[in-house]
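Asks: The sequence shown runs 228 to 532 under our numbering.
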Amino acid sequence: VLYVALTRAKQKLILSGTIKDEETYEKLKNMQAPLRDVQFPENYLLNSRNPMVFFIPAVERMIARADAAKPCPVTVTFVKPSDLTIEEIKEESRFGETIRLLGSTNGRKVYDSAAREIIEERFSYVYPYEGRGAVPAKVSVSELKHGQFTDEEAEEQFPEPEIVPYIPEFMRKISHEDEKPMPNVDSEMSASSEDHSVSADSTAVMRGTAYHRVMELLDYESIRAVRKNAGMAGGAGTSGVSGNSAKESISAALMSELEAQVKSFVRSGRILQEEAALVNLRDILTFVLSGLGERMETAFAEKKL
228 VLYVALTRAK
238 QKLILSGTIK
248 DEETYEKLKN
258 MQAPLRDVQF
268 PENYLLNSRN
278 PMVFFIPAVE
288 RMIARADAAK
298 PCPVTVTFVK
308 PSDLTIEEIK
318 EESRFGETIR
328 LLGSTNGRKV
338 YDSAAREIIE
348 ERFSYVYPYE
358 GRGAVPAKVS
368 VSELKHGQFT
378 DEEAEEQFPE
388 PEIVPYIPEF
398 MRKISHEDEK
408 PMPNVDSEMS
418 ASSEDHSVSA
428 DSTAVMRGTA
438 YHRVMELLDY
448 ESIRAVRKNA
458 GMAGGAGTSG
468 VSGNSAKESI
478 SAALMSELEA
488 QVKSFVRSGR
498 ILQEEAALVN
508 LRDILTFVLS
518 GLGERMETAF
528 AEKKL
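1) Let me know the secondary structure DSSP gives D248 once reduced to three states.
2) Going by the CB atoms, is the gap between L512 and L485 shorter than 8 Å?
3) DSSP three-state call for G518: helix, strand or coil?
4) Under the three-state reduction of DSSP, which class applies to I390: helix, strand or coil?
5) For the alpha helix (DSSP H) containing V231, name the first residue and the last one.
6) Straight-line CA distance for G244 to T234?
7) Spatial neighbours of L329 within its chain, please: C-beta separation below 6 Å, excluding the five flanking residues on both sides.
8) Would you decide whether R454 is buried or exposed? Buried here means 16 or more other CB atoms lie within 10 Å of its CB.
9) Would you report the Cα separation of M258 and K530, rounded to the nearest angstrom?
10) Go through its chain and collect everything with a Cβ distance to A503's Cβ below 6 Å, but skip five positions before and after it.
11) By how many angstroms is the C-alpha of S449 removed from the C-alpha of A463?
12) Let me confirm a value: K239 is counted as buried when at least 16 other C-beta atoms fall within 10 Å, else exposed. Which label applies?
13) By Cβ distance below 8 Å, which residues in the same chain neighbour N456 in space, the five residues on each side in sequence not counted?
14) Given L196, which residues of its chain have a CB within under 8 Å of its CB, disregarding the five upstream and five downstream residues?
15) Work out the CA separation of P278 and I313 for me, nearest whole Å.
16) Can you tell me which of the three DSSP states G323 falls into?
17) Under the three-state reduction of DSSP, which class applies to D534: helix, strand or coil?
18) State the DSSP-derived secondary structure class of S431, mapped to helix, strand or coil.
19) What beta strand (DSSP E) runs, 3 residues minimum, are completely inside the region 304-363?
20) Quick one: grab the DSSP three-state call for V368.
21) Do you know whose CA, among F305, I346 and I290, lies nearest P298's CA?
22) Which residue comes first and which comes last in the alpha helix (DSSP H) that contains L272?
23) Can you look up T302 in the DSSP assignment and give me helix, strand or coil?
24) Within the same chain, show all residues whose beta-carbon is closer than 7 Å to that of L272, passing over the 5 residues directly before and after it, in chain order.
25) Quick one: is A364 buried, meaning 16 or more other Cβ sit within 10 Å of its Cβ, or exposed?
26) Decide if E287 is buried, meaning its Cβ has at least 16 other Cβ atoms within 10 Å, or exposed.
27) For the alpha helix (DSSP H) containing Q238, list its first residue and its last residue.
28) Please go through the same chain and pick out, in chain order, the residues whose beta-carbon is closer than 6 Å to the beta-carbon of L242, but skip the five residues on each side of it.
29) At 4 residues or longer, and completely inside the region 470-510: list those alpha helix (DSSP H) runs for me, N to C.
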C-alpha cells in the first residue's frame with residue numbers, strides 16, 4: 228500500500244499520520260543525526276509497525292540537508308488534539324450563527340433579484356437524460372452468466388451438417404485454377420483486427436518493461452560527469468541569455484549521453500533493439516534533469532541505490 232501511495236502522486240503528496248506524544252516525536256526526530264550519511268538498517272524498517280517511525284527521521288534528514296540552493300521539498304505541519312477541538316468549536320459557533328441569521332431573515336423578501344433569477348433557474352433545471360438513471364451502473368457475475376446461458380439456449384447446440392452433393396469424377400470438368408479456394412475476406416479482416424488488438428496490448432506491456440529496464444541500467448556516474456563538463460563549458464550559473472544557453476547545452480549533452488548508453492545496452496544484449504525503439508529518450512531526459520534525477524545521481528555516487 229505504501230509503495231503505491233508514495234509512487235503515484237504526480238505533483239503533490241499529502242501524507243498524514245499520528246504519533247503517541249511529543250516525547251516519541253522528539254525521539255524519532257533525533258534519530259536522523261546518526262543516520263545522516265547511511266541508509267536505515269534493514270531490521271529497523273522490518274520491525275517498524277508504524278510508517279511514521281521511519282518517515283519522521285527521513286524528513287528531518289532532508290530538512291537538515293536543505294539549503295538556499297536546494298530547499299527541502301517537504302512541508303511538515305503538526306496538529307494537536309486540542310487544536311482540532313478548538314477548530315471544531317469554532318465551526319459549530321459559525322454554523323449556529325448562520326442558522327440564527329437565516330432564521331431572522333424574511334424569506335419572502337427579495338434582497339438580490341439577479342441572484343434570485345440564478346437560483347430559480349438552477350432549481351428548475353430538468354436533466355434531459357433522466358431516464359438513463361434506470362440503466363444499471365454495475366452488473367453482477369450471476370447476471371452476466373444468466374445472459375450468456377440465454378444466448379446459448381437461443382443458438383442451435385448441434386447444427387446439422389451441410390449436405391454436399393456427390394459429383395461423379397467424369398462430370399468434374401473444373402480447371403485447376405477454379406479449384407483454388409477464394410480467400411475469406413471477412414475472416415482475414417477479423418483476424419487482422421484481433422492481431423492489431425493483441426499487438427497494441429503487447430506493445431503497451433513491452434513499452435513499460437523497456438522503460439523500467441532502461442531506468443535500471445542508467446549509468447548515473449557518466450551522466451553526472453557529462454552534466455558537470457557541459458555546465459563548465461557552457462558557463463552554467465550565469466543569468467540571462469547565457470544561462471538559457473547553458474541549460475540547452477547541458478540538455479543536448481545529456482541527450483547524446485543517453486543515446487550512447489541505450490546503444491551500448493543494445494550492443495551488449497542487455498535490452499533488445501525492439502525494446503530500445505519503444506523508449507522516448509526525452510522522457511528519460513526530463514527525469515534526469517529533474518530534482519529527483521539529481522538525487523538519484525547523488526545516491527548512485529554514494530552507493531546507496
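Every residue gets a Cβ at the ideal spot worked out from N, C-alpha and C, and that includes glycine.
Replies: With the structure as the only source:
1) Sequence index remark: in the sequence shown, residue 248 carries index 21 (1-based). Coil at D248, not helix or strand.
2) By 1-based counting over the sequence shown, the position of residue 485 is 258. By 1-based counting over the sequence shown, the position of residue 512 is 285. Yes; because the gap between Cβ atoms is below 8 Å, this pair is in contact.
3) Stepping through the sequence shown from its first residue, residue 518 is reached at position 291. Three-state DSSP puts G518 in a helix.
4) Looking up residue 390 in the sequence shown gives position 163. The answer is coil: DSSP assigns I390 none of H, G, I, E or B.
5) Locating residue 231 in the sequence shown gives position 4, counting from the first residue. Taken as a continuous stretch (DSSP letters only), the alpha helix (DSSP H) holding V231 covers L229 to T234.
6) Here the question's residue 244 lines up with position 17 in the sequence shown. Here the question's residue 234 lines up with position 7 in the sequence shown. About 18 Å.
7) Position 102 of the sequence shown, counted from the start, is the residue given in the question as residue 329. Contacts found: none.
8) Taking the sequence shown and counting its residues from 1, the one referred to as residue 454 is at position 227. Classification of R454: buried, given that the 10 Å Cβ count is 16 or more.
9) Translated into positions along the sequence shown, residue 258 becomes position 31. Translated into positions along the sequence shown, residue 530 becomes position 303. Near 21 Å, if we compare the C-alpha coordinates of K530 and M258.
10) Position 276 of the sequence shown, counted from the start, is the residue given in the question as residue 503. Within the same chain, A503 has close Cβ partners V489 and V493.
11) Here residue 463 refers to the residue found at position 236 when the sequence shown is read from its first residue. Here residue 449 refers to the residue found at position 222 when the sequence shown is read from its first residue. Confidence in A463 is poor, its pLDDT being 45 and thus under 50, which makes the residue's placement too unreliable to answer from.
12) To locate residue 239, count along the sequence shown from 1; it is residue 12. Classification for K239: exposed.
13) Working through the sequence shown from its first residue, we reach residue 456 at position 229. The residues are A480.
14) Any question about residue 196 goes unanswered here, given that the chain covers just 228 to 532.
15) The sequence position of residue 313 within the sequence shown is 86, counting from 1. The sequence position of residue 278 within the sequence shown is 51, counting from 1. The alpha-carbon atoms of I313 and P278 are separated by roughly 28 Å.
16) On the sequence shown, position 96 is the one that residue 323 refers to. In the displayed model, G323 falls within a helix according to three-state DSSP.
17) The question about residue 534 has no answer, for the chain in this structure spans 228 to 532.
18) Here residue 431 refers to the residue found at position 204 when the sequence shown is read from its first residue. The residue asked about is misnamed: residue 431 is Ala in this sequence, not Ser. Correct three-state label for A431: helix.
19) none
20) Position 141 of the sequence shown, counted from the first residue, corresponds to residue 368. In the structure shown, V368 sits in a helix (DSSP, three-state: H, G or I).
21) Looking up residue 298 in the sequence shown gives position 71. It is I290 whose Cα lies nearest to the Cα of P298.
22) Taking the first residue of the sequence shown as position 1, residue 272 is located at position 45. Element bounds for L272: E269 to L273.
23) Sequence index remark: in the sequence shown, residue 302 carries index 75 (1-based). For T302, the three-state secondary structure derived from DSSP is coil.
24) Position 45 of the sequence shown, counted from the first residue, corresponds to residue 272. If we look at L272 and ignore the five residues flanking it on each side, its Cβ neighbours are F281.
25) On the sequence shown, position 137 is the one that residue 364 refers to. So A364 ends up on the exposed side.
26) Locating residue 287 in the sequence shown gives position 60, where the first residue counts as 1. E287 is buried by the Cβ-count criterion.
27) Your numbering for residue 238 matches position 11 in the sequence shown. Judged by DSSP secondary structure, Q238 falls outside any alpha helix (DSSP H); it is assigned neither H nor E.
28) Indexing the sequence shown from 1 puts residue 242 at position 15. Same-chain partners within the cutoff: there are none.
29) 500-504
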